[in-house]
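A.B. asks:
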Amino acid sequence: MITTRILTGEAVGEVLEDLARLRIAVFRDWPYLYDGDLDYERDYLKAYQSPGSVVVAAYDGQRMVGASTGAPMEDHAGDFAAAFAHRPEKLDEIFYCAESVLLPEYRGHGLGHAFFDGREAQGRALGRRYSTFCRVVRPDDHPAHPADYRPLDGFWRKRGYAPLPGVIAEFDWKDIGEASSTKKPLQFWMKSL
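Per full-length UniProt numbering, the very first residue in the sequence shown carries number 1; after that it's consecutive.
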């Protein structure tokens, strides 16, 4: 039986180690191809202990099998403010739906909706007007692109999200098999709450 839990405040800190391991496992796959390490993950995930942040976690018994994170956009201003510099929305009006990670064997059972529902509810509770997330952009002819890969664009559109033209951030990480980190483009999508 899969259950979900909405975690805020101190409860977030209690699951960061599980979340770090899950991110490393899931993000090794396309399109991220992330060669992660626990030290980096622990440091990165500290941002989700801020007031207003949320983790929506999925459990199979006591084992975390999926999770999604969200936070007020200004908590990520250092990374994403430049991408929104020409937009009319103010950062303090936006709730940022960060990553969603789910082990492959648990996909297709509605947890993606639970992840968005929990994060969007947190955004509304904080009085945010918009919800946004970003997805990594890789070329279709990338050598690691799986032939059977199905992008989630249709799922996101059904939830009311649309890509924001020209709102692209860049983020560094090390791909599997690479010697060093390189910048990757991240396309933002948004909807009104």
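Backbone N, C-alpha and C fix where the C-beta goes; we use that ideal spot for every residue, glycine too.
Measure the beta-carbon distance from Glu170 to Leu193 and round it to whole angstroms, keeping in mind my assumption that it falls under 8 Å.
C.D. replies: The Cβ separation is near 26 Å, so there is no contact.
A.B. asks: Please return the same chain residues whose Cβ sits closer than 6 Å to the Cβ of Pro165, not counting the five positions on each side in sequence.
C.D. replies: Nothing listed; no residue qualifies.
A.B. asks: Does the contact criterion of 3 or more C-beta pairs under 8 Å hold for the region 36-54 versus the region 83-94?
C.D. replies: Contact fails: fewer than three Cβ-Cβ distances are below 8 Å.
A.B. asks: Going by C-alpha distance, which of Val56, Asp92, Leu45, Arg28 is nearest Leu7?
C.D. replies: For Leu7, the nearest C-alpha among the options comes from Val56.
A.B. asks: Please go through the region 34-60 and give each complete beta strand (DSSP E) segment of 3 or more residues, from N-terminal end onward.
C.D. replies: You should have 54-60.
A.B. asks: Out of curiosity, what's the CA-to-CA distance linking Ile24 and Thr69?
C.D. replies: About 15 Å.
A.B. asks: Check this for me: beta carbons of Gln49 and Gly13, under 8 Å apart or not?
C.D. replies: In this structure, Gly13 lies closer than 8 Å to Gln49 by Cβ.
A.B. asks: Quickly, what does DSSP pair Ser181 with across the bridge? List them, please.
C.D. replies: Answer is none; Ser181 lacks a bridge partner.
A.B. asks: Which runs of the alpha helix (DSSP H), 4 residues or longer, sit entirely within the region 105-162?
C.D. replies: Correct list: 111-125, 153-158.
A.B. asks: Please confirm if the region 116-131 is in contact with the region 169-183, defined as three or more CB-CB distances below 8 Å between the two stretches.
C.D. replies: Output reads no: the region 169-183 does not touch the region 116-131.
A.B. asks: Going by alpha carbons, who is nearest to Thr3 out of Leu126, Glu105, Gly66?
C.D. replies: Selected option, being the one with the closest Cα: Gly66.
A.B. asks: Using DSSP's beta-bridge definition, name the partner residues of residue 207.
C.D. replies: Since the displayed the chain opens at 1 and closes at 193, residue 207 lies outside it and no answer follows.
A.B. asks: Relative to the alpha-carbon of Arg42, which residue among Asp18, Thr182, Ala11 has its alpha-carbon at the smallest distance?
C.D. replies: Per the Cα distances, Asp18.
A.B. asks: Got a sec? Which residues, its chain only, sit under 6 Å from Val26 by beta carbon, not counting five neighbours each side?
C.D. replies: Around Val26: Val101.
A.B. asks: Thinking C-alpha only, which one of Gly78, Leu33, Tyr96, Phe80 is nearest Arg124?
C.D. replies: The shortest C-alpha separation from Arg124 is found at Tyr96.
A.B. asks: Cutting at 7 Å between CB atoms, please list the residues of its own chain near Arg28, excluding the five before and the five after it.
C.D. replies: Same-chain partners within the cutoff: Tyr34, Ile176.
A.B. asks: Given that a residue counts as buried once 16 or more other Cβ atoms are within 10 Å of its Cβ, and exposed if not, what is Arg128?
C.D. replies: Answer is buried; the Cβ neighbour count reaches 16.
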